[in-house]
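Numbering that gives the first Met the number 0 applies: residue 0 is where the sequence shown begins, and numbers increase by one. From the three backbone atoms N, C-alpha and C, an ideal C-beta is built for every residue, glycine too. Comments concern the structure below.
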Amino acid sequence: MDTNAINSDRHNDQHETVIQATAVSRGVAAGRAVCLFGTKRQYFLTHIENSAIDHEIGRFRTAVTTASKQLNDLIKSPDIKAKSSGDIFDAHLMMLEHSTLAADVEAFIRSALVTAEWALRRVAENFSNKQAAVSDANLRDRIADFEDLCDRVLNALDGKAVTLPVITSDSVIVASIIRPSTLIELGRQKPSAIVTEHGGWTSHSFILARELKIPAVTGVKSALKLIRDGTSLSVDGFTGALTIDPSSETLEQIKSHTFVAEPIKFDAASTRSTTIDGREIILRANIDLVDPAPLLAQTAAKGVGLLRSEYLFQDVSVGYPSEDAQFEAYKLSASNCGPEGVRIRTFDLQVDQVNHPAEIREMNPALGLRGLRLSLADRPHFREQIRAILRAGAYGNVSMVLPMVSGVADLSTVREMIADETAALAAQGTPVPPMPLGAMIEMPSAVLTVDDIAKHADFLCLGTNDLVQYLLSADRDNESVAHNYQTLHPSVVRSISMVFRAADLQGKSTVVCGEMAGSPFYLPLLIGLGAREFSMNPDSLGAIRQVIGRISFDECRELARKASVLETADAIEAYMNDFYRRNWPHVFPGGISSST
């Protein structure tokens, strides 16, 4: 059996098998498997004469034009309902028209005297190999986008299209990987769920799945070997559980989760999120879009709690965007965020994600030049970003957030740089308003010195994803140690409590970011530990808002008090399950899972 099969439930059905996958799009569904094995074409090395170079380049340029038209049509298509969906294919268009792709292919045709198909495949393979070596999972997820784009051009070169199987509303798609354009095609036929071997939360395909309200799980090793066409499956996009041949009892149980799966409609005039005993909880949005206005209006979020500025890196080979390019992007965000404003996180990158010299490449970038460390090691580029953010501050309520802060010294250094750049801009006739400075708390050193950090920062941001990873020395994207990534580990729960207490003593706010912030199941525990502000992916806001309105602050405090003294993650999870069943059965009829 596959190594990630963690449970074979024999109580109700002799053949039911539960595999623990990773949830990437919330919701629950059941249906019959439809397996997509892929139809990658074979292209053989074919040399051409010098006299045929111009003809071959002409074929390639025509194919690029065709692909560009297809992408523009797709962006305008009624199937692209959410702005972020359009942004994904805008990024494809940018890669096609403004990156080095076309120039690299044409140069390869000229130098190697080969067909356009062979040149494109070689350039694509080189890019994919380079991205695959990057340690950051977010950039590795971009490989699917690039291969999707190249396949679009290859299809235009030979005039053939890929035919997908017939999908019905009870089909569960099973594949090695799902590409964005394939997801859009599948979305038109409304499958019930998606199961893949590869991908991550930030994969554009799963961003689309969340917008299309299709439950999805990933990380299922050898899924296409374990599952055959027509196999009965149930998918839990909250816990990550994939059940093969589910029993009738299991199929009944998953229906209890539909409460948080349903889309939420908001009264735009009522943006408060209040517990049943009157405590307001502030909800903000995490975004990586230029213009957040439509999203904020749709979700009633109170501004942008985290603008991930690294979205400006479309291609690792291009390097840092210019100061002016950054300014224009930040200015648009600042202008459209309303009075609640936008908090711009400076580049949270690793050294292998930017075009640095080979001599500073690292064996383990996650523990090397990353986040603020990398910015401080490359101060000319960091100063450009600081200036761009300061300039954008004149167009709205803007704050700056520093990733991977290790201690007070980091804050002091950056404040000096901000003061220098503020003075320089004023001398150039560009006065800027004061810039609030926040610190991401996601390193053990930051937790242990959070009392000091809270004195010097204007606000704190609790980065739960990296905090869990670094506290437990467990890479959540490494399948061999993923079981050690325990969000409810006592060290995590107690560290979170320390952060809230330190901020409260200094009268500073703390906003919870990361996947914990967007999980309805962790919400009561976090509120009980001291959380009053959350910033999350926009698709999570509806469920979180609805849960807040059905729980009480006092009961959250009781939950947190008892959970904080328990000694294992399993004990905390069991206690929370029991507490939810006793106190809020109408909110959490299916309980929780620490993998949520």
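Going by DSSP in three states, M399 sits in which element: helix, strand or coil?
In the structure shown, M399 sits in a strand (DSSP, three-state: E or B).
Just the C-alpha distance for E196 and L211, rounded to the nearest angstrom, thanks.
Going from the Cα of E196 to the Cα of L211 covers about 20 angstroms.
Given this structure, state the Cα-to-Cα distance separating G527 from G506, to the nearest angstrom.
Spanning the two alpha carbons is a distance of roughly 18 angstroms.
With a threshold of 6 angstroms on Cβ separation, who are the neighbours of R454 within its own chain once the five nearest residues in sequence on each side are excluded?
The amino acid at residue 454 is misidentified as Arg; the sequence shows Lys. Same-chain partners within the cutoff: Q505.
Taking the beta carbon of F499 as the centre, do at least 16 other beta carbons fall within 10 Å, making it buried, or is it exposed?
F499 should be labelled buried.
Assuming L305 and G337 are in contact, meaning their beta carbons sit under 8 angstroms apart, how far apart are those beta carbons, in whole angstroms?
Actually they are not in contact, since the Cβ atoms of L305 and G337 sit about 16 angstroms apart, beyond 8 angstroms.
By alpha-carbon positions, which one of V303, D169, S180 ends up nearest to E342?
Sequence inspection shows Arg at residue 342; the Glu mentioned does not correspond to that position. Of the candidates V303, D169, S180, the one whose C-alpha sits nearest the C-alpha of R342 is V303.
Check E532 in the structure and name its three-state DSSP category.
Strand.
Where does I263 sit, in a helix, a strand or coil, going by DSSP?
In this prediction, I263 has a pLDDT of 43, which is less than 50 and means its spatial position is unreliable; nothing more can be read from the coordinates.
Go to Q19, then tell me how far its beta strand (DSSP E) extends in each direction, as first and last residue.
Looking at the DSSP string, the run of the beta strand (DSSP E) that includes Q19 is 16–19.
Can you have a look at N231 and say buried or exposed, based on whether 16 or more other CB atoms are within 10 angstroms of its CB?
Here residue 231 is Ser; the residue named in the question, Asn, does not match the sequence. Buried.
Can you tell me which of the three DSSP states I206 falls into?
In the structure shown, I206 sits in a helix (DSSP, three-state: H, G or I).
When the cut-off is 8 angstroms and only beta carbons count, does A422 lie next to chain C?
Going by chain labels, chain C is absent from the structure shown, which holds only one protein chain.
Could you give the distance in angstroms between the alpha-carbon of G199 and the alpha-carbon of L368?
Computed Cα separation, rounded: 23 angstroms.
Please go through the segment 497–565 and give each complete beta strand (DSSP E) segment of 3 or more residues, from N-terminal end onward.
With a minimum length of 3 residues, the continuous beta strand (DSSP E) runs that stay inside the segment 497–565 are 509–512, 532–535.
Which residues bound the alpha helix (DSSP H) around A426?
Residues 407–426.
Using CA atoms only, rank isn't needed, just tell me which of I281, A324, R372 is closest to R386.
Comparing Cα-Cα distances from R386 to each of I281, A324, R372, the minimum goes to A324.
According to DSSP, is T167 part of a helix, a strand, or is it coil?
Coil at T167, not helix or strand.
Between L466, Q545, A408, which has its C-alpha nearest T274's C-alpha?
Cα-wise, what sits closest to T274 is Q545.
For V281 and S496, I'd like the C-alpha separation in whole angstroms.
Note on residue identity: the sequence assigns Ile, not Val, to residue 281. Rounded to whole angstroms, I281 to S496 spans 18 angstroms at the Cα level.
List in chain order: all unbroken alpha helix (DSSP H) runs of 4+ residues lying wholly within the segment 278–341.
You should have 292–298, 322–334.
Leaving out the 5 sequence neighbours to the left and right, which residues in its chain are closer than 8 angstroms to L605 when beta-carbon positions are compared?
Examination of residue 605 is not possible in this model, given that the chain is present from 0 through 595 alone.
Three or more beta-carbon pairs under 8 angstroms between the segment 29–38 and the segment 171–181, yes or no?
A contact exists between the segment 29–38 and the segment 171–181.
So, for S551: in the same chain, excluding its five sequence neighbours on each side, which residues have a beta-carbon less than 6 angstroms away from its beta-carbon?
Contacts found: T274, I275, D276.
Drop a sphere of 10 angstroms on the beta-carbon of G596, count the other beta-carbons inside from all chains shown, and report buried for 16 or more, exposed for fewer.
Any property of residue 596 remains undetermined from this structure, which presents the chain solely from 0 to 595.
Assuming L182 and L148 are in contact, meaning their beta carbons sit under 8 angstroms apart, how far apart are those beta carbons, in whole angstroms?
Rounded, the Cβ-Cβ distance is 14 angstroms, inconsistent with contact.
Can the beta-carbon of N285 be found closer than 8 angstroms to that of N49?
No, the pair does not count as a contact, with Cβ atoms beyond the cut-off.
Taking the straight line between their C-alpha atoms, what separation do you get for D53 and Q69?
Their backbone Cα atoms lie some 24 angstroms apart in a straight line.
Determine whether the beta carbon atoms of R283 and S539 lie at a separation below 8 angstroms.
In this structure, S539 does not lie closer than 8 angstroms to R283 by Cβ.
Quick one: grab the DSSP three-state call for S231.
DSSP places S231 in strand when its eight states are reduced to three.
How many angstroms separate the CA atom of A111 from the CA atom of Y394?
Looking at the two C-alpha atoms, the distance is approximately 51 angstroms.
Following the continuous alpha helix (DSSP H) through F381, name the residue where it begins and the one where it ends.
First-last of the alpha helix (DSSP H) with F381: 378–391.
If I follow the unbroken alpha helix (DSSP H) through I213, where does it start and stop?
From DSSP, I213 is part of no alpha helix (DSSP H); its letter is neither H nor E.
Report, in whole angstroms, the separation of the C-beta atoms of L524 and M442, which I expect to be a contact under 8 angstroms.
At roughly 22 angstroms, the Cβ-Cβ gap does not stay under 8 angstroms, so L524 and M442 are not in contact.
How is Q69 classed by DSSP in three states: helix, strand or coil?
In the structure shown, Q69 sits in a helix (DSSP, three-state: H, G or I).
Would the beta-carbon of Y484 fall within 8 angstroms of that of V511?
No, they are not a contact pair.
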